[in-house]
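S.K.: A single structure is presented below for examination.
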Amino acid sequence: LGQARADQRDVVRDLSRIEHAYDRLSLMRDLSKAIGNGEIFLQYQPKVHLRRQEIVSVEALVRWQHPQRGLILPGDFIPLAEESGKIGALTLWTIRQAIADQQVLAESGHDIPIFVNISGLLLADAEFVDQVCTMVRGVAAKVGFEITETAVIRDPECAIRHLRMFADIGVTLAIDDYGAGLSSLAYLKQLPARELKIDKMFVLELTSSNRDPLIVRSTIDLAHALDMEVTAEGVETPAAMALLSVMGCDMAQGFLISRPIAIGAMRQFLDEGRHLTATAAMRPSFGRPESF
Ligand code: C2E
Ligand code: MG
Ligand code: MG
Ligand code: MG
141 LGQARADQRD VVRDLSRIEH AYDRLSLMRD LSKAIGNGEI FLQYQPKVHL RRQEIVSVEA
201 LVRWQHPQRG LILPGDFIPL AEESGKIGAL TLWTIRQAIA DQQVLAESGH DIPIFVNISG
261 LLLADAEFVD QVCTMVRGVA AKVGFEITET AVIRDPECAI RHLRMFADIG VTLAIDDYGA
321 GLSSLAYLKQ LPARELKIDK MFVLELTSSN RDPLIVRSTI DLAHALDMEV TAEGVETPAA
381 MALLSVMGCD MAQGFLISRP IAIGAMRQFL DEGRHLTATA AMRPSFGRPE SF
């Protein structure tokens, strides 16, 4: 009986593996039509400058409204897009849309850049890089790119050469998710990035952990020594925001300030200066920590 149960378990496990693989394939097939069907859209999340108490840029985050499955977040389809070779087309669409949406913000008096996440795979694709350069030349000040450092590691020379091309035409580059992967100080030294984003895994528990504040503070100091500005992602509480400010972090991004929202809502958010609710956490009356 024991053996029969074990066999049954194996069969169930195999079936669920097959089902999972089938599921991925069917999603991949749907993805190839998603852009054309208008199912892909962008949401935007602001980044607040802590000293200036201003929104200095916004980040574009891609979403997929699947007709049967509902909303799918990028973690569940960017890897599929990468595997199926659709990531280039998806990213070109995203950059084009972000440029158009930046115009919407600029027209209402908020001429701040929109940052787009660029998958590392694409840094090896000379044709993609060329297409992007053509697209952003002339509007380079309006866009920035966020790149995870692990992306660079596969073919560092090629990736760095392509990143320099972006930087040379005036696109601001940010290193995303710093500290989460195999972050390497060797690349940090060579990348033409002006901004470093500390991964949210170090920020989410900033005020309840012993080690995270030490890691965050030394990362801030390191970035500043390299003449880069630092953003903390995953800022969810007033206490975290206040501590980051004391530590000299330049910018903050997270649910405390705003969740990712549609472009129209973002314009309204900026019109109303709604980030000031969150930055109130840094005023002395809030009980700001004096030192760390
Ligand atoms: P990311 O670029 O590091 O983006 C930050 C992620 O953290 C976003 O998840 C955002 O919604 C989430 N987040 C922001 N603030 C908070 C917070 O306070 N607390 C918590 N718990 N989470 C927060 P999202 O939108 O699911 O995106 C996940 C990742 O997918 C992004 O990480 C980025 O690497 C990738 N991604 C998004 N859009 C694109 C795209 O257009 N192209 C590519 N290649 N990747 C994209
Ligand atoms: Mg990002
Ligand atoms: Mg990030
Ligand atoms: Mg992240």
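Sequential numbering from 141 applies to the sequence shown in the UniProt record's numbering.
For each residue, glycine too, the CB sits at the ideal point set by N, CA and C.
(1) Could you tell me the alpha carbon to alpha carbon distance between glycine 310 and valine 276, rounded to whole angstroms?
(2) Please go through the same chain and pick out, in chain order, the residues whose beta-carbon is closer than 7 angstroms to the beta-carbon of lysine 226, but skip the five residues on each side of it.
(3) Name the residue from Lys340, Arg351, Arg334 and Glu373 whose alpha carbon lies nearest to the alpha carbon of alanine 365.
(4) CA-CA distance, threonine 312 and glutamate 289?
(5) Taking the Cβ atom as the reference point for each residue, do isoleucine 254 and alanine 200 lie within a distance shorter than 7 angstroms?
(6) Tell me, which residues are paired with asparagine 257 by DSSP?
(7) Whose C-beta lies closer than 6 angstroms to the C-beta of alanine 264 among residues of the same chain, with five residues either side of it excluded?
(8) Given this structure, state the Cα-to-Cα distance separating asparagine 350 from histidine 189, to the nearest angstrom.
(9) Where serine 385 and methionine 391 are concerned, what is the direct C-alpha to C-alpha distance, given to the nearest angstrom?
(10) Where does aspartate 361 sit, in a helix, a strand or coil, going by DSSP?
(11) Near ligand 2, which residues have their beta-carbon less than 5 angstroms from any of its heavy atoms, given in chain order?
(12) Output the boundary residues of the beta strand (DSSP E) element that contains serine 197.
(13) By Cβ distance, which residues of its chain are closer than 6 angstroms to residue 434, with the 5 residues on each side in sequence left out?
(14) Report the three-state DSSP secondary structure of alanine 229 (helix, strand or coil).
(15) With respect to the beta strand (DSSP E) encompassing proline 186, which residues constitute its N-terminal and C-terminal limits?
(16) Measuring only from the beta carbon, is glutamate 373 closer than 6 angstroms to any heavy atom that is part of ligand 3?
(17) Does threonine 377 pass the burial test, meaning 16 or more other C-beta atoms within 10 Å, or should it be called exposed?
(18) Would you mind stating whether threonine 419 and glutamine 193 have Cβ atoms separated by less than 7 angstroms?
(19) Just the Cα atoms here: how many angstroms apart are lysine 337 and isoleucine 360?
(20) Can methionine 422 and alanine 382 be called in contact, C-beta distance under 7 angstroms?
(21) Just confirm the distance between the C-beta atoms of glycine 374 and glycine 394, as a whole number of angstroms; I'd bet it's less than 8 angstroms.
(22) When DSSP builds the beta bridges, which residues end up paired with alanine 392?
(23) Assign glycine 234 to one of two classes, buried (16 or more other C-beta atoms within 10 Å of its C-beta) or exposed (fewer than that).
(24) Measuring alpha carbon to alpha carbon, tell me which of Ala246, His302, Gly215 and Ser224 ends up nearest alanine 281.
(25) State buried or exposed for lysine 340, treating a residue as buried only when at least 16 other CB atoms are found within 10 Å of its CB.
(26) Note down, in chain order, each residue of its chain lying with its Cβ closer than 8 angstroms to the Cβ of serine 224, except the 5 sequence neighbours on either side.
M.R.: According to the structure data:
(1) 9 angstroms
(2) Leu171 and Ser172
(3) Arg334
(4) 15 angstroms
(5) yes
(6) Glu286
(7) Asp295 and Cys298
(8) 26 angstroms
(9) 8 angstroms
(10) helix
(11) Asn257, Glu286 and Asp316
(12) 194-206
(13) Beyond the ends of the chain as shown, which are 141 and 432, falls residue 434; an answer cannot be given.
(14) helix
(15) 180-189
(16) yes
(17) buried
(18) yes
(19) 10 angstroms
(20) yes
(21) 5 angstroms
(22) Val188 and Ala372
(23) One point to set straight first is that residue 234 is threonine, not glycine, in the sequence displayed. Buried: at least 16 other Cβ atoms inside 10 Å.
(24) Ala246
(25) buried
(26) Met168, Leu171 and Ser172
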